[in-house]
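Structure first, then comments.
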Amino acid sequence: MDLSKLYTKRQLEVLNYIWNHDWFICGLHGAKRAGKTVVNNDTFVTELSRVRKIADYLGVDEPIYILAGTSSTSIQNNVLQELYNKYGFEPKYDKHGSFVFCGVKVVQVYTGSISGLKRARGFTAFGAYVNEASLANEVVFKEIISRCSGEGARIVWDSNPDNPNHWLNRDYIGKNDGKIIDFSFKLDDNTFLSKRYIDSIKAATPQGKFYDRDILGKHLPRC
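Heads up: the sequence shown is residues 1 to 223, going by UniProt numbering.
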């Protein structure tokens, strides 16, 4: 299969690293509509498959994986709806809002406020996918990481740019020590967008901080 028909050059660069290296936390950040969520949604699927293999080796019947977002609506719109559109996947939820995918129990955690903390406690996870991480409550985000103590557990997150003093930028961007890694995206990286759309968005975005943040994906102070 020609993967260049499915992914942009930048997406393939990132996916090749994700698929072929060991790491603990991997973040994707940058411009809106740049292709970050596509990478992480597909990484979510490949990670579940990897977790299932690890669980089989360890004799774990029902490994747990965390799917996190600011709310149930954001998870549905940004992740699950996209997986349905691409793969036809329709979750069958239990009474707690969890579901099984690729033989792994997926537990949803809502990160938009400290109240999400209670959903992230009391279990061992084999990994996590945190959508819109810069909007997450810091305590909940760090609790999710602490839950991921299962063998080979890995965490992926994505975010649009935020303040350079934001805790996400401070603690999880620019480390690139092999365990905590990140990749940035610009609008122009998404070569599947039409030239008309890209030119129109650039023309509609004022030069300066808005252009740098929304088009170039830079982390800048919010005035």
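The beta-carbon is built from N, C-alpha and C at its ideal position, and this holds for glycine as well.
Here the structure is a predicted model, which is why all the values come from computation and not from measurement.
According to DSSP, W157 shares a beta bridge with G27, V130. For I75, the enclosing alpha helix (DSSP H) covers residues 72 to 75.
Here G217 is near F185, since their CB atoms are less than 8 angstroms apart. Nearest in C-alpha terms to D56, of all of G122, C102, I145, is C102. Annotation for V39: Q11, V14, L15, L28 place their beta carbon closer than 7 angstroms to its own, counting only its chain and skipping 5 residues before and after. When the five nearest sequence neighbours on each side are left out, the beta carbons in the same chain lying within less than 8 angstroms of the beta carbon of H219 are those of H29, P161, D162, N163, P164, H166, N169, I173, R213, in order along the chain. Beyond the five residues adjoining it in sequence on each side, I180 comes within less than 7 angstroms, by CB distance, of F24, I25, Y172 in the same chain, given in chain order.
By the C-beta criterion, the stretch 128 to 136 is judged to be in contact with the stretch 56 to 74, since at least 3 inter-stretch pairs fall below 8 angstroms.
Cβ-Cβ separation between V156 and T111: approximately 14 angstroms, too far for a contact (criterion under 8 angstroms).
In this model, G152 and K53 are separated by some 11 angstroms (Cα to Cα).
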